[in-house]
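Colleague: If you read the sequence shown in our numbering, its first letter stands for residue 120, the second for the next number, and so on.
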Amino acid sequence: MKKTIVIVDDHILIAKALEGIIDNFSEFEVIYVCENGKDLIQKLEDNREIPDIILLDISMPIMDGFETAAWLTQNHPAIKVMALSMQGDDNSVIKMIKNGAKGYLLKNTHPKDLETALTKLNSDGFFYPEWASKIIFSNLNRDNETEHTVKISDREREFLKYTVTELSYKEIADRMCCSPRTVESYRDQLCDKLDLKTRVGLAVFAIKNGFAG
120 MKKTIVIVDD
130 HILIAKALEG
140 IIDNFSEFEV
150 IYVCENGKDL
160 IQKLEDNREI
170 PDIILLDISM
180 PIMDGFETAA
190 WLTQNHPAIK
200 VMALSMQGDD
210 NSVIKMIKNG
220 AKGYLLKNTH
230 PKDLETALTK
240 LNSDGFFYPE
250 WASKIIFSNL
260 NRDNETEHTV
270 KISDREREFL
280 KYTVTELSYK
290 EIADRMCCSP
300 RTVESYRDQL
310 CDKLDLKTRV
320 GLAVFAIKNG
330 FAG
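(1) Pairs of beta-carbons, one from the region 132-150 and one from the region 232-246, closer than 8 angstroms: are there three or more?
(2) Is Gly244 closer than 8 angstroms to Lys316 when the C-beta atoms are compared?
(3) Measuring CA to CA, which of Ser272, Gly139 and Ile177 is closest to Gln206?
(4) What's the call for Glu275, buried or exposed, on a 16-neighbour Cβ count within 10 Å?
(5) Below 8 angstroms between beta carbons: does that hold for Asn241 and Ile291?
(6) Using CA coordinates, which residue listed in Asp307, Lys280, Thr192 and Glu285 is at the minimum distance from Met295?
(7) In chain order, what residues of the same chain lie with their CB nearer than 7 angstroms to the CB of Pro180, ignoring the 5 residues before and after it?
(8) Let me check understanding here. Comparing Cα to Cα, which of Lys157, Asp209 and Tyr223 lies closest to Leu191?
(9) Enumerated in chain order, which unbroken segments of the beta strand (DSSP E) with a length of 3 residues or greater are wholly contained in the region 207-280?
(10) What separation, rounded to the nearest whole angstrom, lies between the Cα atoms of Gln161 and Glu148?
(11) Distance, Cα to Cα, Lys312 vs Ser298?
(12) Is it buried or exposed for Leu321, if we count other Cβ within 10 angstroms and need 16 for buried?
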């Protein structure tokens with residue numbers, strides 16, 4: 120069964136062209152297109168099919184990509200959000216990740232690279248091309264004082280090690296010999312301490328600061 124995708128972009132011609140490209144991919148299909156975040160929320164609340172992946176533009180009227188990504192993280196955390204934008208600046212990339220995006224691509228991405236990115240996003244849970252990864256790690260380098268100013272317990276360190284794996288929270292709980300609710304509390308505490316919102320953000324922090332080994 121193909122993985123389902125929704126495109127959110129206020130430029131309808133671009134969205135429709137993108138839909139045509141994706142519908143030629145063997146593993147993916149576009150189920151509908153939205154003009155902005157508000158349009159997307161309305162469709163989801165009207166019980167339209169919930170997609171596996173959302174390709175989300177950033178610069179949109181009424182409700183932009185930043186606000187939409189944050190809403191999706193809060194209300195539909197299982198949906199994988201991939202930013203697809205003309206904006207490749209540091210602030211846009213970091214803000215989208217903090218708001219819950221699991222991937223980031225520019226609109227001039229080649230169709231084959233888009234297909235690869237969607238496949239990786241679906242299988243691994245996140246995808247960032249090399250240029251976006253450099254921005255992420257550069258930002259973490261600038262904020263490296265965090266590991267010295269934030270106290271992280273041994274159990275939180277153990278949890279961070281598992282964030283870079285494909286284990287579910289229940290499976291992590293089994294490995295840590297605790298309840299899923301306890302694991303969720305580790306996640307929430309770390310997100311508060313590190314000013315992060317998603318498992319992807321925690322995984323990036325874990326890799327950069329040596330907790331993943």
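Heads up, the beta-carbon is just placed ideally off N, CA and C, and yes, glycines get one too.
In this text, all values refer to a predicted model and were calculated from it rather than measured experimentally.
Modeller: So, from the listed chains and residues:
(1) yes
(2) no
(3) Ile177
(4) buried
(5) The answer is no: Cβ separation not under 8 angstroms.
(6) Lys280
(7) Asp129 and Asn155
(8) Lys157
(9) 222-225
(10) 21 angstroms
(11) Each residue's Cα considered, the two are about 21 angstroms apart.
(12) buried
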